[in-house]
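Quick note on the working numbering: the sequence shown kicks off at 1 and runs consecutively.
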Amino acid sequence: MTRGRFITFEGGEGAGKSTQLRRLAARLEGQGREVVATREPGGSPGAESIRDLVLRGSADRWSPVTETLLMYAARRDHIERVIRPALARGAWVICDRFADSTRAYQGAAGGTDPGLISALESFIVEDTRPDLTLMFDLPAEVGLARAEARAGSEMRFESKGLAFHQRLRKAFQTIAAAEPDRCATIDAAASIEAVEAAVWAAVEARLPAHA
Ligand SMILES: Nc1ncnc2c1ncn2[C@@H]1O[C@H](COP(=O)(O)OP(=O)(O)O)[C@@H](O)[C@H]1O
Ligand SMILES: [Mg+2]
1 MTRGRFITFE GGEGAGKSTQ LRRLAARLEG QGREVVATRE PGGSPGAESI RDLVLRGSAD
61 RWSPVTETLL MYAARRDHIE RVIRPALARG AWVICDRFAD STRAYQGAAG GTDPGLISAL
121 ESFIVEDTRP DLTLMFDLPA EVGLARAEAR AGSEMRFESK GLAFHQRLRK AFQTIAAAEP
181 DRCATIDAAA SIEAVEAAVW AAVEARLPAH A
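What follows is the structure in structure tokens.
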């Protein structure tokens, strides 16, 4: 059986990733595919426990380096128990955040040494790399306003302030520019329907073998 496809959704808070992930999952399922819609941090029982540690509490609960290690512990469990088995049986895995979020949140915006992050990425992710990454781009203040309206208890990163979120946006833009074959930038300031159309256009253009 051929390996499935691995698509990741990246970008700042309130960019519309979770909204669009549900829509893409429905479209792909409508084509008769097995879809595994998942998220990080989390996606497996162990990784969801780590998610609670990382996303709740005060902004300074963890240092960026500790946070990086927690994220990678969670990611490894998710990869081993969910992502790799799904890809091996031919499913399409669509994941709300992945390794680029660690590069951006703990690295570029948080200050963790990028050398540590790239070493972890190569040892932990290995060959489980996304076939396509959708980069949801919008001004940080717009995303934060959307996320605030949504609210909830997982607010640790939202509480880090506008300058942090502006660094994040720049970090995701830098990744997209450096890896254009993997990354497609999506204008996330558009309407939900327009963003959905852009996501579908990117999937059809970048992963034409899905037909
Ligand atoms: N294109 C859009 N325009 C306006 N509001 C949106 C759009 N996409 C999502 N939203 C709303 O913004 C909030 C955050 O969306 P969400 O999908 O949870 O973002 P993310 O997962 O990227 O943080 C939700 O209330 C959602 O309904
Ligand atoms: Mg979300």
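Every residue, glycine too, gets a C-beta built ideally from N, C-alpha and C.
Since we're looking at a predicted model, the values are computed, not measured.
DSSP state of residue 102 mapped onto helix, strand, coil = helix
inquiry  = So, for residue 81: in the same chain, excluding its five sequence neighbours on each side, which residues have a beta-carbon less than 7 Å away from its beta-carbon?
reply    = Within the same chain, residue 81 has close Cβ partners 44.
inquiry  = Is residue 147 near ligand 1 - that is, is its Cβ less than 7 Å away from at least one heavy atom of it?
reply    = Residue 147: yes, Cβ under 7 Å from ligand 1.
query = Beta carbon of residue 96: closer than 7 Å to some heavy atom of ligand 2?
reply = yes
task = List the whole-angstrom C-beta distance separating residue 204 from residue 55, where the pair is believed to meet the contact cut-off of C-beta under 8 Å.
result = Not really, about 33 Å apart at Cβ, beyond 8 Å.
message = Less than 7 Å between C-beta atoms, sequence neighbours within five positions excluded: which residues of the same chain meet that for residue 59?
response = 156, 159, 160
key: Secondary structure of residue 11, DSSP reduced to three states   = strand
Distance, residue 37 Cα to residue 25 Cα = 7 Å
ask   = Ends of the alpha helix (DSSP H) at residue 172?
value = 162-178
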